[in-house]
Ligand code: NDP
Ligand code: MG
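Numbering (the working numbering), first residue to last: 14 to 404.
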């Protein structure tokens, strides 16, 4: 029996993970964690006969406990209880909480020397070097779940990173790819929340429209694979069938293709190092007809340029970038700033942080990362309050 814990079980990645798990007989679910979707969390816990179920919110304890009355499933609540769940013995853990809240549980899981399937990209962006060191120190294995990074990882099986010249991550361009540039400033949450190819959570879908998601992924790729910024390229590929390409020094290029379904990269991590059958739609290239690739227009997607600044600066820049992006996204979702203001706000927060404390000071611990996150959020709120008054 493989003992498995899923952090962020009620989310898009969490649900897909549990869908794959429900098709297997050899898995015992140790712990499931969620947030405010208490009824769904209770349903999943019953269906998978979890030992422990945790909501990140104290106020959700009562309803969760009531929903699981008589089930024999242990119930806990609060951010501390989420982290505690990582110490329950397990073999394989999915990190699929959204945002900086996913950081501490991931660190705790790695300290147990197990396999951590990492969907929470914020972990690598804010604390890449620390996270990798933690994995090394405890003999834990970190596997990528982001589809582009899983694609690169798969192309690198049997290869060494020294033979890689360049890695290309593909991007769909998001829901506003074909909008006229001059209209972008007026884009609403509904406009930006439609993804042409992938079904995902609201936040990551808007991050696809701005390409903040791809910016995070470029930083993630640099950290995970130890590439230099110059080795990472982004191309727009509207069909989302080629997920990444790896160019080697002999001129050969390996691409990873597949239909856009997160159950592929999740399933690859679940079965790694083996390949098992997965219930995903098969790629039909004749039906697809064509595969297009375009350069990214930096005027349309300024977030990608900011990722370059972050990689150049290093230190605290990744954590500041992520925090500012989350604050800017909250403000956009609440209708307090416009679509294009998000990138301006992140750029201004990076500058303001630099002028106050300096981006160059690298975090040495998880607590340092959380402190940088808190300070950066404060700067972001002030920057937005001063420069982007509500329309
Ligand atoms: P969702 O928003 O769909 O789900 C997030 C999960 O985290 C839910 O279970 C939610 O609980 C829980 N959660 C929310 N806030 C907190 C908190 N403060 N503390 C603990 N748990 C919390 O996100 P996705 O599944 O889309 O994404 C998860 C991660 O994976 C993100 O980092 C994302 O960037 C990454 N990712 C996602 C992909 C995708 O296809 N969706 C692809 C690649 C990476 P509840 O809903 O019950 O409140
Ligand atoms: Mg991705």
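Every residue gets a Cβ at the ideal spot worked out from N, C-alpha and C, and that includes glycine.
Counting only the Cα atoms, residue 284 lies some 19 Å from residue 148. Taking every residue with its beta carbon within less than 6 Å of a heavy atom belonging to ligand 2 gives, in chain order, 159, 160, 161, 230. Taking every protein chain shown into account, the CB of residue 191 has fewer than 16 other CB atoms within 10 angstroms, so this residue is exposed.
For residue 275, the CB falls within less than 7 Å of some heavy atom of ligand 1. Pairwise C-beta distances place the stretch 367–382 out of contact with the stretch 221–232, as fewer than three of them are shorter than 8 Å. Apart from the 5 residues on each side of it in sequence, residue 269 sits with its Cβ closer than 6 Å to the Cβ of 164, 167, 168, 256, 257 in its chain, given in chain order.
Looking at the DSSP output, residue 233 shares a beta bridge with no other residue. Annotation: the continuous alpha helix (DSSP H) that includes residue 93 extends over 92–98.
Checking the 7 Å criterion, the Cβ of residue 135 is within range of a heavy atom belonging to ligand 1.
Remark: the shortest separation between the CB of residue 132 and any heavy atom of ligand 1 falls under 7 Å. With a cut-off of 8 Å on Cβ pairs, the stretch 19–31 is in contact with the stretch 105–114, counting three or more such pairs. Residue 196 counts as exposed, since fewer than 16 other beta carbons sit within 10 angstroms of its beta carbon. Contact between residue 262 and residue 176 is confirmed by a C-beta separation of about 5 Å, below the 8 Å threshold. Shown here for residue 64: same chain residues with a beta carbon closer than 6 Å to its own, the five before and five after excluded, namely 43 in chain order.
Annotated as proximal: residue 202 and residue 345, with beta-carbon spacing under 8 Å.
Around the C-beta of residue 100, fewer than 16 other C-beta atoms lie within 10 Å, and the residue is accordingly described as exposed. With fewer than 16 neighbouring CB atoms inside 10 Å of its own CB, residue 265 falls in the exposed class.
In the same chain as residue 25, and ignoring 5 residues on each side of it, the C-beta atoms closer than 6 Å to its own belong to 213, 214, in chain order. Burial state of residue 275 is buried, judged by a 10 Å Cβ sphere holding 16 or more other Cβ atoms. Between residue 57 and residue 31, the beta carbon gap of about 6 Å places them in contact (Cβ cut-off 8 Å). Distance check between residue 205 and each of 219, 339, 141 places 219 closest, using alpha-carbon atoms only.
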